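Quick note: the sequence shown uses my numbering, first residue 284, plus one each step.
Where a beta carbon is used, it is the ideal one built from N, C-alpha and C, also for glycine.
These figures come from a predicted structure and were not determined experimentally.
The structure appears right after this line, and notes come after that.
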Amino acid sequence: MSLHCIPIRSQPPKSPCPDLLLNNLTPTDLQLHQVRQSIQGADEDIPRLQDAINRLSSQLEALQSFVERHRGVVSVVRQLPNEVLLKIFTHSLNFKHPLFNSMNALSNIIRVCARWRAVALASPSLWRHFVFNSVAYQSLRGPSRNAKLLRQTSLQLQRSGQTPLSVHLTGYSIEQELLDTLLTVSSRWQSASLRLAPSYYRHIFTSRADFTILKELTLKFEDPYNGDATGFVQSLPVLVDFTLHMSRREWHIPRGFESLWARLLACTLVQCHTEAILRILPLFSPETRVSLVDCVADVQVGDSGLAPVQLAISALSLNSCRNEFITIFLKVVAAPRLKKFVVSECDPYRTCSLLPSITAFLSNSSCTLTHLALCVKYAILSELLTLLTLPHTRHICALDIDFLSTPSAPVIDALAAHDIVPNLRSFTLRNCGSVEDAGILALHTSRRPILQQLWLQRCTNGLTLSRAASQTLKSDGLEVVIFQHLDYW
Numbered sequence: 284m285s286l287h288c289i290p291i292r293s294q295p296p297k298s299p300c301p302d303l304l305l306n307n308l309t310p311t312d313l314q315l316h317q318v319r320q321s322i323q324g325a326d327e328d329i330p331r332l333q334d335a336i337n338r339l340s341s342q343l344e345a346l347q348s349f350v351e352r353h354r355g356v357v358s359v360v361r362q363l364p365n366e367v368l369l370k371i372f373t374h375s376l377n378f379k380h381p382l383f384n385s386m387n388a389l390s391n392i393i394r395v396c397a398r399w400r401a402v403a404l405a406s407p408s409l410w411r412h413f414v415f416n417s418v419a420y421q422s423l424r425g426p427s428r429n430a431k432l433l434r435q436t437s438l439q440l441q442r443s444g445q446t447p448l449s450v451h452l453t454g455y456s457i458e459q460e461l462l463d464t465l466l467t468v469s470s471r472w473q474s475a476s477l478r479l480a481p482s483y484y485r486h487i488f489t490s491r492a493d494f495t496i497l498k499e500l501t502l503k504f505e506d507p508y509n510g511d512a513t514g515f516v517q518s519l520p521v522l523v524d525f526t527l528h529m530s531r532r533e534w535h536i537p538r539g540f541e542s543l544w545a546r547l548l549a550c551t552l553v554q555c556h557t558e559a560i561l562r563i564l565p566l567f568s569p570e571t572r573v574s575l576v577d578c579v580a581d582v583q584v585g586d587s588g589l590a591p592v593q594l595a596i597s598a599l600s601l602n603s604c605r606n607e608f609i610t611i612f613l614k615v616v617a618a619p620r621l622k623k624f625v626v627s628e629c630d631p632y633r634t635c636s637l638l639p640s641i642t643a644f645l646s647n648s649s650c651t652l653t654h655l656a657l658c659v660k661y662a663i664l665s666e667l668l669t670l671l672t673l674p675h676t677r678h679i680c681a682l683d684i685d686f687l688s689t690p691s692a693p694v695i696d697a698l699a700a701h702d703i704v705p706n707l708r709s710f711t712l713r714n715c716g717s718v719e720d721a722g723i724l725a726l727h728t729s730r731r732p733i734l735q736q737l738w739l740q741r742c743t744n745g746l747t748l749s750r751a752a753s754q755t756l757k758s759d760g761l762e763v764v765i766f767q768h769l770d771y772w
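As structure tokens, then:
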């Protein structure tokens, strides 16, 4: 019988004796008979109602299942072209983990559906990143971990086709066979980051591998290396971006890199020996962007062995360096072609300003800066004004200031009131806290239309500028950007 043919009460039956529901009187025989008949009728309806509910629930589940199964047919994701899917897959990659590791999205993407798997397997660019570290090695279970890793590496090489490769190797437990497998395709290495034991570096440096397209390279030495890297350097004909991390400042840079410095466009030296830095810097060309990171002075200011050093570079960054190192470095070197200069100190124990040393360095160099970034502690406003009124800073078009413990309002007021850096087009203020709208508006009024961009770092106490002021400035031609993290130029 269909559901619509089942006689189902729309309402519960009417009580034959409603007064007895409100008291505890003894019912009459007639009342007993009437109540029993009503109960019997209701009992007969309950199974039919339950059966109807079961049938309707079954139909409801079937309809819900139908909707869910067909919803994917009309989903936006299903309509995306393969090219768009590939871009999404590319952005989802996690370069800290191997592609076959569960922490990397690609290992899950190829298991979603046949189409996604086909798109991923047909896209060599997704498989170009080779990452190996000790954590990844430990994640492989069983006694045949090395064999499994080699199979994964061979499979990834096959899927990467002829695409240029990115190789990141970290650790002391890399199998020689794995390293040899990757070296067989060294001609496809485009970027590489290596942090290995000396024995592995010796193997690479003496392998006579061909790194013909390697443009970006990072070498981190956890232990001293006393070998020669001349042959390796000669196999890097197009290398333009090089990072050298020595881990211990007393370690010397391996022999053989002398012919490399002059042809670099970007070089980062991390925790390198001070004397080695001063020996290397004059070898760079004017086009080289040099960054010194986490450097600590290992010589004295009055050391007679430190001869004045003339630099040809046009861009220099001193990042996370100790105050004493910066002071010594700026006292010894001169950079007459310097255009972009970044100073970011990291010294919790010093209480003196670096601005006088920076001022003396610029005067000694007789350079003409276009970009200046200062992240220093205990800065004095008068020292900043002295620095910014130099002829060497007059042509600055981009100024980035982070004075850490210094209030930002006086800096803004000074830039608005003084005729300094008249060509300033972009001004960045970091850790500025809450600034007054009036100060920013005054800065804009005094420097329009030249000042075009204002970058303010968002701090823990909220937005640094009111929305009304931001909209007013934008409508008047000044772009205001509130940011949380921003790299230097």
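Rounded to the nearest whole angstrom, the CA to CA distance from ARG546 to SER476 is 19 Å. In the pairwise beta carbon analysis, the segment 687 to 706 is classified as touching the segment 724 to 741: at least three pairs are separated by under 8 Å. With a cutoff of 8 Å on beta-carbon distance, ALA662 and LEU638 are scored as near each other. Judged by DSSP secondary structure, GLU762 falls within the beta strand (DSSP E) whose first and last residues are 762 to 766. Our two residues, GLN333 and GLU327, have alpha carbons roughly 11 Å apart in a direct line. One alpha carbon belongs to ALA595, the other to ASN706, and they sit about 25 Å apart.
In this structure, ARG708 places its C-beta atom within 8 Å of the C-beta atom of CYS680. A check of alpha carbon separations from GLU460 across ARG428, GLN445, ARG478 identifies ARG428 as the nearest. Across the set GLU719, ALA480, PRO481, LEU462, the C-alpha of LEU462 shows the shortest separation from the C-alpha of TRP472. Per the DSSP secondary-structure output, GLU458 pairs with nothing in a beta bridge. Counting only residues of its own chain and dropping the five nearest sequence neighbours on each side, ASN387 has a CB closer than 6 Å to the CB of ASN377, HIS380. Under the DSSP assignment, GLU628 falls outside any alpha helix (DSSP H), being part of the beta strand (DSSP E) whose first and last residues are 623 to 628. Inclusion of PHE488 and ALA512 in the CB contact set at 8 Å is warranted, their separation being smaller than that value. Counting along the chain, no beta strand (DSSP E) covers PHE644; the unbroken alpha helix (DSSP H) around it starts and ends at 638 to 648. Contact between the segment 561 to 571 and the segment 595 to 606 is present: 3 or more CB-CB pairs across the two stretches fall below 8 Å.
Exclusion of the five residues before and after VAL450 leaves PHE413, LEU465, TRP472, ALA475 as the residues of its chain whose Cβ lies within less than 7 Å of its Cβ. In this structure GLN314 is in contact with LEU303, their Cβ atoms being roughly 7 Å apart against a cut-off of 8 Å. For LYS297, there is no enclosing alpha helix (DSSP H), as DSSP gives it neither H nor E. According to DSSP, GLN593 shares a beta bridge with ALA617. Straight through space, the alpha carbons of THR453 and GLY444 are spaced by roughly 24 Å. The three-state secondary structure of PHE525, taken from DSSP, is strand. The three-state secondary structure of ASN384, taken from DSSP, is coil.
In the three-state scheme derived from DSSP, where H, G and I count as helix and E and B as strand, ASP511 is classed as strand. In this model, SER408 and PHE504 are separated by some 30 Å (Cα to Cα). Annotation: LEU548 is outside any alpha helix (DSSP H) and is labelled neither H nor E by DSSP. Rounded to whole angstroms, the separation of the alpha carbons of GLU366 and PHE710 is 39 Å.
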